[in-house]
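According to our numbering, the sequence shown is numbered sequentially starting from 107.
First up is the structure itself, then whatever we jot down about it.
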Amino acid sequence: MSLPPLREVIAEHGLAARKGLGQHFLLDLNLTAKIARLTEAGPGDVVLEVGPGPGGLTRALLDTGADVVAIERDRRIPPILAQMAEAYEGRLSWAEADALAADETALLPRTPAVIASNLPYNISTELLVKWLTVRPRWWSRCVLMFQREVGERILAEPGSKTYGRLSVLAQAASVPRLGFYLPARAFTPPPKVDSAVLVFDDKPLPPYLPALERVTQAAFSQRRKMVRSSLKPVFGPRLEEALEAADVIETARAEAIPVAAYEKLSAWLTASEM
């Protein structure tokens, strides 16, 4: 069974992009194939996709030979997915659900899975943090699209204006790298900003991750303050001891502290509370 061009699918189903769902459709099959290749998925693998829309990336993921599980809130989409499932001999399944609330392991036939998604921009950061902090970890790689600015924040180095809490969490809980950038004109309708496709490889989830969330929240919510002030509510009277253990000077500000130092602070805090 051959599938119609994506623009015909959009027209047939009246699939105008909805701003409230953060929809911007990627219809260039060369670009969707490029994203799919970054997953390195193949026959026997499982890929989770959030927000498949008209199915451009979904087709590319299925073309790898992998089984695909989609999560979609838009009730206009399931008939499109049903047509694709038939064309790909049942290797596509889906759930109508809110990805932020979904229990992905209940939807996946086996784990670990790969996550691949042109993420809805309005929930992209929340979804990433959810997946980075989930225990036990059920994914081995994520290939995700963000607004370019968000992608640059995730990959930022200490001392840069874009370095922040998201940078530290992503780099402590995974191995992120840039896949490629996409101009706004690649989408229908075009967003106001360019996009970035990032790859996140799994690494052992640090036991101090809950503490890291607390430490970075305190540090970056008052990033103009020195850490002797911003981290005082978290470490209390033992702050000086913790800073010394992590080789952090008390006059440093949040954006100057490297990821490794945040990890040391968080490990120290975890050990001190045991």
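Don't be surprised by glycine CBs; every beta carbon is placed ideally from N, CA and C.
From a predicted model like this one, the values you see are computed outputs, not experimental measurements.
Between Pro296 and the rest of its own chain, which residues show a CB-CB distance below 7 Å, the 5 nearest in sequence each way excluded?
Taking the sequence shown and counting its residues from 1, one reaches residue 296 at position 190. Closer than 7 Å at Cβ, skipping near neighbours: Ala290.
State the Cα-Cα distance for the pair Ala172 and Trp374, rounded to the nearest angstrom.
Here residue 172 refers to the residue found at position 66 when the sequence shown is read from its first residue. Here residue 374 refers to the residue found at position 268 when the sequence shown is read from its first residue. If I take the Cα positions, the gap works out to 42 Å.
My guess is that Ser336 and Lys309 are in contact by the Cβ rule of under 8 Å, so how many angstroms apart are they, rounded?
As a first step, residue 336 is located in the sequence shown; it is residue number 230 there, counting from the start. As a first step, residue 309 is located in the sequence shown; it is residue number 203 there, counting from the start. Not a contact, Cβ separation roughly 28 Å.
Identify whether Val220 lies in helix, strand or coil by the three-state DSSP scheme.
For this step, residue 220 is matched to residue 114 along the sequence shown. Correct three-state label for Val220: strand.
In chain order, which alpha helix (DSSP H) runs of at least 4 residues are fully inside the stretch 270-298?
Qualifying alpha helix (DSSP H) stretches, in chain order: 271-279.
Going by CA-CA distance only, name the one from Trp244, Phe286 and Arg320 that's closest to Leu272.
Residue 272 sits at position 166 when you count from the first residue of the sequence shown. The residue with the shortest Cα to Cα distance from Leu272 is Arg320.
Using a 10 Å radius around the Cβ and a threshold of 16 neighbouring Cβ atoms, would you call Leu144 buried or exposed?
Translated into positions along the sequence shown, residue 144 becomes position 38. By the 10 Å Cβ count, Leu144 comes out buried.
What whole-angstrom Cβ distance do Ala367 and Val354 have, given they're in contact under 8 Å?
Position 261 of the sequence shown, counted from the start, is the residue given in the question as residue 367. Position 248 of the sequence shown, counted from the start, is the residue given in the question as residue 354. About 5 Å; that satisfies the 8 Å criterion.
Buried/exposed call for Ala212, threshold 16 Cβ in 10 Å:
Position 106 of the sequence shown, counted from the first residue, corresponds to residue 212. Exposed, by the Cβ-count rule.
Beta carbon of Leu225, beta carbon of Leu233: below 8 Å?
Position 119 of the sequence shown, counted from the first residue, corresponds to residue 225. Position 127 of the sequence shown, counted from the first residue, corresponds to residue 233. Yes, the Cβ-Cβ distance between Leu225 and Leu233 is below 8 Å.
Short of 8 Å in beta carbon distance, which residues of its chain neighbour Gly148, apart from the five on each side in sequence? Order them along the chain.
Reading the sequence shown from its first residue, position 42 is the one you call residue 148. Correct list, in chain order: Thr170, Gly171 and Ala172.
C-alpha distance - Ile229 paired with Arg334, whole-angstrom precision:
In the sequence shown, the residue the question calls residue 229 occupies position 123. In the sequence shown, the residue the question calls residue 334 occupies position 228. In a straight line, the C-alpha of Ile229 is about 33 Å away from that of Arg334.
Please name the residue, chosen from Ala351, Ala325 and Trp200, that lies closest to Pro339 on a Cα-to-Cα basis.
As a working mapping, residue 339 is identified with position 233 in the sequence shown. Among Ala351, Ala325 and Trp200, the Cα nearest to that of Pro339 belongs to Ala325.
Is the beta carbon of Thr231 sitting closer than 8 Å to the one on Leu275?
The residue you call residue 231 lines up with position 125 of the sequence shown. The residue you call residue 275 lines up with position 169 of the sequence shown. Going by C-beta atoms, Thr231 is not nearer than 8 Å to Leu275.
In the DSSP assignment, what residue or residues form a beta bridge with Ser301?
The residue given as residue 301 occupies position 195 in the sequence shown. Looking at the DSSP assignment, Ser301 forms a beta bridge with Gln253 and Leu288.
Helix, strand or coil at Ala360 according to DSSP, with G and I counted as helix:
In the sequence shown, counting from the first residue as 1, residue 360 sits at position 254. In the structure shown, Ala360 sits in a helix (DSSP, three-state: H, G or I).
Can you grab the Cα-Cα spacing for the pair Ala166 / Arg254, in whole Å?
As a working mapping, residue 166 is identified with position 60 in the sequence shown. As a working mapping, residue 254 is identified with position 148 in the sequence shown. If I take the Cα positions, the gap works out to 22 Å.
Can you tell me whether Met190 is helix, strand or coil according to DSSP?
Taking the first residue of the sequence shown as position 1, residue 190 is located at position 84. In this structure, Met190 counts as helix in the three-state DSSP scheme.
Please return the same chain residues whose Cβ sits closer than 6 Å to the Cβ of Tyr314, not counting the five positions on each side in sequence.
Taking the sequence shown and counting its residues from 1, the one referred to as residue 314 is at position 208. Counting only Cβ-Cβ distances below 6 Å, and skipping sequence neighbours, we find Ser372, Ala373 and Thr376.
Residues in the same chain with beta-carbon distance under 8 Å from Arg182, minus the five sequence neighbours each way, listed in chain order, please.
If you number the sequence shown from 1, residue 182 lands on position 76. Answer for Arg182: His119, Gly120 and Leu121, listed in chain order.
Beta carbon of Pro282, beta carbon of Phe252: below 8 Å?
Walking along the sequence shown from the start, residue 282 turns up at place 176. Walking along the sequence shown from the start, residue 252 turns up at place 146. The answer is no: Cβ separation not under 8 Å.
Specify the secondary structure class of Ser246 as computed by DSSP and reduced to three states.
For the purposes of this step, residue 246 is identified with residue 140 of the sequence shown, where counting begins at 1. Strand at Ser246.
Would you list the residues sitting across from Glu155 in a DSSP beta bridge?
Numbered from 1 along the sequence shown, position 49 holds the residue referred to as residue 155. Under DSSP, Glu155 takes part in a beta bridge, and its partners are Ala176.
Alpha carbons only, please: which of Val240, Pro264 and Ala117 is nearest the one belonging to Ala208?
For the purposes of this step, residue 208 is identified with residue 102 of the sequence shown, where counting begins at 1. Considering only alpha carbons, the answer is Val240.
Let me make sure I understand the geometry here. Which of Pro160, Arg329, Phe341 and Ser301 has the alpha-carbon closest to that of Gly265?
Locating residue 265 in the sequence shown gives position 159, counting from the first residue. Nearest of Pro160, Arg329, Phe341 and Ser301 to Gly265, Cα basis: Arg329.
Quick one: Cα of Ala345 to Cα of Val152, how far?
By 1-based counting over the sequence shown, the position of residue 345 is 239. By 1-based counting over the sequence shown, the position of residue 152 is 46. Note that residue 345 corresponds to Leu in the displayed sequence, not to Ala. Taking the straight line joining both Cα atoms gives about 45 Å.
Should Lys370 go down as buried or exposed, given a rule of 16 or more other Cβ atoms within 10 Å for buried?
Position 264 of the sequence shown, counted from the start, is the residue given in the question as residue 370. That one is buried.
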